[in-house]
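The structure under discussion appears below in the form of structure tokens.
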Amino acid sequence: MDADEAITELYAAHWTGLVRLAWLLLRDDLAAEEVVQDAFIAVHRRWDTIRNHQAAAAYLRRAVVNGARSGLRHRGVEERYVAREQGEPTAYTRHTEASAEDRALQSETTSSMIGALGRLPQRQREVLTMRYYLDLSEAEIADALGISAGSVKAHAHRGLATLRDRMEAAS
Amino acid sequence: MSDRTDFLHPDYEPGEFDQVERRLRQALASDVQQVHPSHRLDTILHEAHEAGPVTATGGSGARRWVMPLAAAAAVAAIIGGAWWSGQDDRGGVTPPVHTGPSVVPSETATDLPTTATTSPPTSSTTAGPVTTRMVSLPVYFVGPIGDDEPTYKLFRDFIRDELPTDATPAAKVKAALVLAINAQPYSNTDGYLQPWSGQTIGDVTVKDGVITIDLANSGNPDAAVTTEIQRLAVQELVWTAQAAIQQTLPVRFEVSGGAPKLFGSISTDQTFTRPPSDRLYEDVAPIWVTSPARDQVLPAAKPVVVQGLAIVFEATVNWELRRGSTQVATGHAMASTGAPMQGQYSIDLGRLTAGDYTISVRELSAKDGSVSAEKSVSFSVK
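Protein chains in written order, with this note's numbering: chain A, 202 to 372; chain B, 107 to 488.
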């Protein structure tokens, strides 16, 4: 299989999911697409050495998480923007043009849960998002984040505990 | 995807997190419903080919300096500065360039690990005293928006040019400006005006947060016949200069001999910049087609996807695909956001049989259905 075919298949299988993952981490439509696009380009350019769908999927996840993270790092300077968007219910930084229809779909529960997730430390947020949105295994998450399986467990535990406490406090 | 039970810590109470897990799962699933990724497969393939395979020596292709800019643009879009949110100049939405060899048909790179096959013969490693590489520079032109008047606004093209590998920001700006003042190659195909006819770009400096552009003369009012075209001519250079360094630094002009006014009407005793993202329409044409590029040749084996940017009412664009003079298909598409903001749109035309095509993307007047803006691009499928 040549690189074009491989990327076309990977795209069909993973594009939407990975853009949405990046969006959950970044909260910015365009930046999310950019990050994932760059990841696909990188895989295409390295296809000679990757040459395997599973390895490529793992590479994509790592690249997306790293890309999202470096996107977030640059956000120190965007307080002005955050301040402007504070009115938005689910926004830790929100750059999405949701239609009225989309907004209606979003229940209060979703908003408060997403808001609480957004306030977790970055690592916990990443672990929980990969686990409960993409349904990745502990090993896959450990690989994507470059941490040990034990750390994944620990982050998941702390994150869930915090979310549960916030849920209970709110109800 | 495999093991689940290992996930929770051994000292969890069974069921301890059942409820929060369920709610979190639902919240994430529901939250992402508002994200509708645009179609970027063609862009990915195009850019990957343009960059070429990564080799053992880390050899890379033409886009070496453009790539970090794409990343920078993504970040800048997050920062939410005025014009970045207009999605301008992002590597992502604007792939193909229209000169140079066609890089789209897949020259399979698999057997050629050491050469950047699709990039022009430039960059790699230690060629000579001055190494250059081909880059795609975003360049703005003043063109007709496609209404009856005609009204003129800015369009953006990506033009290939050869720059020294170590080109300074000022050198990039100058290279882009030199291209911008020469609209002649596109005046027949796109109707671009040539308001800077007879102009020469002098020194360009990027210093203390200001881009200063030296011009050989103040501009010929006969080449830019209305005050609006004169204004757009100036903005054309402002947008081009800012795009070349991917920063919205204020722009100042200095005319050789110290003429105080450009075109005899616009004072040089001021700085210029782009309008904010909710007023881009003051400068930018309602409809851009960013892909395919004009006269691009696309492979028949792949679906054709038209992409572009639009500042249109209710985010709606209409399109018509013609082969020669025969209408092949029509439809409409939604941009990611409506006027006054600039949104991205994407039109999947599916696979097309070999031939020469023209895609026209239009905004129809809400009042009477007449065409209030239109951009057409011709391309071929082989």
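Glycine included, C-beta positions come from ideal geometry on N, C-alpha and C.
- Boundaries of the alpha helix (DSSP H) harbouring Y333 (chain A): Q323 to Y333, taken from the DSSP string.
- For Q238 (chain A), the enclosing alpha helix (DSSP H) stretches over residues D230 to R246.
- Runs of the alpha helix (DSSP H) lying entirely within the region 293 to 359 of chain B and spanning at least 4 residues, in chain order: 333 to 351.
- Taking C-beta separations shorter than 8 Å and ignoring five residues to either side along the sequence, the partners of W394 (chain B) in its chain run F261, R262, G414, L415, A416 and K481, following chain order.
- M440 (chain B) and S452 (chain B) have their C-alpha atoms some 8 Å from each other.
- Within its own chain, the residues whose Cβ lies closer than 6 Å to the Cβ of T257 (chain B), once the five positions on either side in sequence are excluded, are I251, listed in chain order.
- Contacts with chain B at 8 Å (Cβ-Cβ) do not include Q323 (chain A).
- Put simply, of B:T396, B:G449, B:I265 and B:T379 the residue whose alpha carbon is nearest the alpha carbon of D389 (chain B) is B:T379.
- The beta carbon of R247 (chain A) falls within 8 Å of a beta carbon belonging to chain B, placing the residue at that interface.
- In this model, R367 (chain A) and V244 (chain A) are separated by some 40 Å (Cα to Cα).
- For the options A:I315, A:A204, A:E341 and A:H254, the alpha carbon positioned closest to that of R263 (chain A) is the one of A:E341.
- Of the residues assessed, A135 (chain B) falls on the exposed side of the cut-off, its CB having fewer than 16 other CB atoms within 10 angstroms.
- One Cα belongs to G456 (chain B), the other to E206 (chain A), and the distance between them is close to 17 Å.
- Taking every protein chain shown into account, the CB of Q238 (chain A) has 16 or more other CB atoms within 10 angstroms, so this residue is buried.
- Boundaries of the alpha helix (DSSP H) harbouring V126 (chain B): D124 to D137, taken from the DSSP string.
- For chain B, the residues of the region 204 to 215 of chain A that bring a beta carbon within less than 8 Å of one of its beta carbons are A204, D205, I208, T209 and Y212, in chain order.
- Interface annotation, P159 (chain B): in contact with chain A, CB-CB separation under 8 Å.
- Looking at the DSSP output, M440 (chain B) shares a beta bridge with B:T422.
- Under the three-state reduction of DSSP, G252 (chain B) is assigned to coil, being neither helix nor strand.
- Going by beta carbons, A157 (chain B) and T311 (chain A) fall outside the 8 Å limit.
- Residues of the region 122 to 146 of chain B that bring their beta carbon within less than 9 Å of a beta carbon in chain A comprise E122, F123, Q125, V126, E127, R129, L130, R131, Q132, A133, L134, A135, S136, D137, V138, Q139, Q140, V141, H142, P143, S144, H145 and R146, in sequence order.
- Within the region 328 to 344 of chain A, those residues whose Cβ lies closer than 8 Å to any Cβ of chain B are, in chain order, L329, T330, R332, Y333, Y334, D336, L337, S338, E339, A340 and E341.
- Residues of chain A whose Cβ lies closer than 8 Å to the Cβ of I150 (chain B) are, in chain order, I208, Y212, Q238, F241, I242 and H245.
- V266 (chain A) is outside the set of residues whose beta carbon lies under 8 Å from a beta carbon in chain B.
- Under the 8 Å Cβ criterion, the region 222 to 235 of chain A counts as touching the region 264 to 275 of chain A, having at least three qualifying pairs.
- Taking C-beta atoms as the reference points, I317 (chain B) and L355 (chain B) count as a pair closer than 8 Å.
- Only residues of its own chain outside the window of five on either side were considered, and among them A406, V487 and K488 have a CB closer than 6 Å to the CB of A460 (chain B), listed in chain order.
- When DSSP states are grouped into helix, strand and coil, K473 (chain B) belongs to the coil group.
- Within the same chain, Cβ atoms closer than 8 Å to the Cβ of V411 (chain B) are found at H145, L147, D148, S397, S452, I453, D454 and L455, the five residues on either side in sequence being excluded.
- Excluding its 5 nearest sequence neighbours in each direction, I335 (chain B) has C-beta neighbours in its own chain below 8 Å: V248, Y258, L299 and P301, listed in chain order.
- When C-alpha distances from I372 (chain B) are compared across B:N326, B:S383, B:V403 and B:D401, the shortest belongs to B:N326.
- By the neighbour-count definition (other C-beta atoms within 10 Å, threshold 16), R252 (chain A) is an exposed residue.
- Residue nearest to V284 (chain B) within the set B:H152, B:R400 and B:S303 is B:S303 (criterion: CA-CA distance).
- Residues of the same chain with a CB within less than 7 Å of the CB of R359 (chain A), apart from the 5 flanking positions on each side, are Q325 in chain order.
- In its own chain, leaving out the 5 sequence neighbours on each side, no residue places its CB closer than 6 Å to the CB of T209 (chain A).
- L227 (chain A): member of the alpha helix (DSSP H) spanning A204 to L227, first to last residue.
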